[in-house]
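Down below is the structure, laid out as structure tokens.
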Amino acid sequence: MDLSAANRKGLSLFALIMIGLGSIFGSGWLFGAGQAAQVAGPAALVAWVIGAVFIGLIAMSYAEVGAAYPLPGAMARFGTISHGPVLGFVTGWAVWIATASLIPIESIAGTQYMASWNFGWAQGLVSDGALTGTGMAMALLLTVVLWLACYWSVALLARANNVLTLVKFAIPVLAVAAFIASGFHTENFTAHGGFAPNGWSAVLTAVTASGVVFAFNGFQAVVNLGGAAKNPGRAIPLALVGALCLGLVIYLALQIAFLGSVPPERLAEAGGWSGINFASPFADLAKLLMLHWVVTMLQFGAFISPSGANIGNVASAAYLAQNLAETGFFPKKIAEVHPRYGTARPAMWLNLGFSVLLLLTVGHSWEALASVVSAAMVVSYLIGPIAVGVFRQTKPHLPRPFRLPAAKVLCPLTFAFAACALYWSKWPNTGKVALLTLLSVPIAAVVLRRKGETSLRRQFAPAWWMAGFLLWLALLSALGSTEFGGHGLIPGGVDIVLVALSSTGFYFWGVRAGVNAHRAGLPGPDPVLDAAQVPAPTREPQDGRTPEPAVS
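So, in structure tokens, the structure goes:
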């Protein structure tokens, strides 16, 4: 999005809700219901509610800090403001990875749905649930085409976002109505193992590994772009609530329609929900039910939804990379903005390179990439409740247009919930994401040394809690119950309790580290409080008297 234009005009509350809803309705609705049903059966409905509650708690913590600091790409800056440059880079790195990863996954989604076309070349894009070489090339082409559109005219796409979002909203609603009208089988909700055929641990796994968290992640676009709203303090929390509530209603409707529309005989042939494996879930189901007009509509939606969502993704990822450059941990050139188009072109080039790397390494299918991306998203959420706790102690006079109620209870609870969600993403995903996030630590050390920093111990002190938390959680995941991919050395049930209790300790460690960082002066100037204290310009007196403040 052209931020300069947005700042001049101001985003309305409706536009901000549309941005959030447009990002929420990316490829998640195309695959989430099918993947969650395969993992958890009918109990996938519970997974959507758990995911919405979790993301709602996270979003409300970000609503307080986001409304207090309405800055472009704000999610990459909260760590710097709360703990100083090192943790700011670690958390900003995690947020950037999670957001930039959304760009290629939307192209993968479009490619997989393209395989449902009645053309030989299209059907050769996917084989055994994974992209073929031709499919990888098509996903790469879609990524580059969308990137070029944003590169040359992000403002044009942003103006079209409201229309795209309304279209994306209408397609799943029509699909739900068509599937239910075609024949709804209530016995599907209890047959073949009951409501939770794979146990309740599968429901928890579905929250992260099946794309539920991924589907709701669009709330980040509201926080990152909310600084351009007319009244950020009011608009950010209202837009978050509005987008998440509308998203939950539609996702539940889609899940109910999918569960009830699968023919019972097909379910019996597959041996239950675990055997229902559609490459393009809703399109393949519509073909099975002979709903040809629905197939065509879904194939159209498979381009509209990911493309519309990527408007926010491309803009957010660019802002995040710019912020990392402005802190000095990325090259300064990445922060440059084109004087005519208002786009951060060097940042966009960086994000394109990262997207291509993901496509060529782990992007073999939407399901494979979504499980890793979802875990990375959870890591990017960790600083929100921590920042609320730090700012409540260190910045009591900070203007808070939105104040999180019962923060002393909700913030540690939210952090513990995030730790559990990361654990539910299963080993080895937890280990991969922890390693990927901690790559930022040696990078930060090298950058600080090149800047001439002599006391790395002082700089890194506020960040050790994060490193310790990620390593501890990866260890618990590796040793935990086999239900979550571990080696079974920690019994099921005990592992969840251990994760929840230990994460509460890490929360208070993280808050204390932020308070100590402020005492040491590591966060530096506050972008809101210090800006408000800048003295007014003076005008020169004409008669030798003391200069007077200029009256605006």
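Residue numbers for the sequence shown follow the numbering used here, so the first one is 10 and each next one is one higher.
Ideal Cβ positions, reconstructed from N, Cα and C, are used throughout, including at glycine.
Since the model is a prediction, treat every value here as computed from it, not as a measurement.
Run of the alpha helix (DSSP H) containing residue i, from where it starts to where it stops
i      : result
Ala252 : 241 to 270
Phe225 : 221 to 225
Ile285 : Unbroken run through Ile285: none, as it is neither H nor E.
Phe469 : 465 to 469
Glu492 : It is not in any alpha helix (DSSP H) - Glu492 carries neither H nor E in the DSSP assignment.
Ile28  : 22 to 33
Pro273 : 273 to 278
Leu366 : 354 to 370
Met386 : 375 to 390
Phe517 : 503 to 528
Phe40  : 37 to 49
Ala131 : 129 to 132
Val216 : 209 to 218
Proximity of residue i and residue j at Cβ, strictly below 8 Å
i      : j      : result
Leu96  : Met475 : yes
Val6   : Phe338 : For the chain, the structure presents residues 10 to 561; residue 6 sits outside this window and is missing.
Pro206 : Gly281 : yes
Tyr122 : Gln264 : no
Ile180 : Gly310 : yes
Gly43  : Phe287 : yes
Ala85  : Asn322 : no
Gly192 : Gly50  : no
Ala45  : Ala56  : yes
Ala526 : Pro532 : yes
Pro536 : Leu80  : yes
Ala326 : Thr108 : yes
Ala266 : Val185 : yes
Ser289 : Val104 : no
Gln31  : Lys177 : The sequence given here places Gly at residue 31; Gln does not occur at that position. Yes. Within cutoff.
Ile112 : Ala252 : no
Val566 : Ala416 : Within the shown structure, residues of the chain are numbered from 10 to 561, placing residue 566 beyond reach of any answer.
Leu498 : Leu431 : no
Leu368 : Leu157 : no
Residue i, buried or exposed, once every other Cβ within 10 Å from all chains shown has been counted against 16
i      : result
Ala120 : It should be pointed out that residue 120 corresponds to Thr in this sequence rather than to Ala. By the neighbour-count rule (16 or more Cβ atoms within 10 Å), Thr120 is buried.
Met27  : buried
Met306 : buried
Thr199 : exposed
Thr370 : exposed
Val560 : Confidence in Val560 is poor, its pLDDT being 38 and thus under 50, which makes the residue's placement unreliable; the coordinate value appears in the next sentence. When all chains shown are included, Val560 counts as exposed.
Gly435 : Note that residue 435 is Lys in the sequence shown here, rather than Gly. Result: buried.
Leu20  : buried
Gly41  : buried
Lys239 : exposed
Asn127 : exposed
Met147 : buried
Phe188 : buried
Ser330 : Before going on, a small fix: residue 330 reads as Ala here, not Ser. Buried, by the Cβ-count rule.
Asp539 : exposed
Leu444 : exposed
Glu73  : buried
Leu294 : buried
Leu25  : buried
Gly563 : As shown, the chain starts at 10 and ends at 561. That puts residue 563 outside it, with no answer to give.
Asp504 : buried
Ala190 : exposed
Pro414 : exposed
Thr564 : Residue 564 cannot be examined here, being either before or after the span of the chain that is shown, 10 to 561.
Gly133 : exposed
Phe23  : exposed
Ser464 : exposed
Any non-hydrogen atom of the ligand GDP closer than 7 Å to residue i Cβ
i      : result
Phe426 : Within the structure as shown, the ligand GDP is missing, as the structure has no ligands at all.
Residue-level contact to chain C via CB, residue i, 8 Å cutoff
i      : result
Ser490 : The structure shown contains no chain C, having only a single protein chain.
| query | Quick check: the region 366 to 381 against the region 128 to 139, are there 3 or more CB pairs under 8 Å? | reply | The region 366 to 381, when compared against the region 128 to 139, does touch it at the 8 Å Cβ threshold.
| query | Considering only residues of the region 63 to 123, which uninterrupted alpha helix (DSSP H) runs meet the minimum length of 4 residues and lie entirely inside it, listed in chain order? | reply | The region 63 to 123 contains these whole alpha helix (DSSP H) runs: 87 to 92, 94 to 109, 111 to 123.
| request: Take every Cβ of the region 110 to 125, pair it with every Cβ of the region 491 to 501, and state whether three or more of those distances are shorter than 8 Å. | output: Contact between the region 110 to 125 and the region 491 to 501 is absent, because fewer than three Cβ pairs lie under 8 Å.
| said: Could you tell me which whole alpha helix (DSSP H) segments of length 4 or greater appear in the region 400 to 462? | reply: Runs of the alpha helix (DSSP H) inside the region 400 to 462: 416 to 433, 438 to 447, 449 to 459.
| message | Whether or not the region 219 to 230 and the region 382 to 394 are in contact is what I'm after, with contact meaning three or more pairs of Cβ atoms, one per stretch, closer than 8 Å; do they touch? | response | Yes: at least three Cβ pairs fall under 8 Å.
| Does the pairing of the region 65 to 83 with the region 508 to 516 give three or more beta-carbon distances under 8 Å? | Contact between the region 65 to 83 and the region 508 to 516 is absent, because fewer than three Cβ pairs lie under 8 Å.
| task | Check whether the region 517 to 527 touches the region 396 to 405, counting contact only when three or more Cβ pairs, one atom from each stretch, lie closer than 8 Å. | result | Yes, the region 517 to 527 is in contact with the region 396 to 405.
| field | Any 3 or more C-beta pairs closer than 8 Å across the region 463 to 472 and the region 399 to 419 | value | The region 463 to 472 is not in contact with the region 399 to 419.
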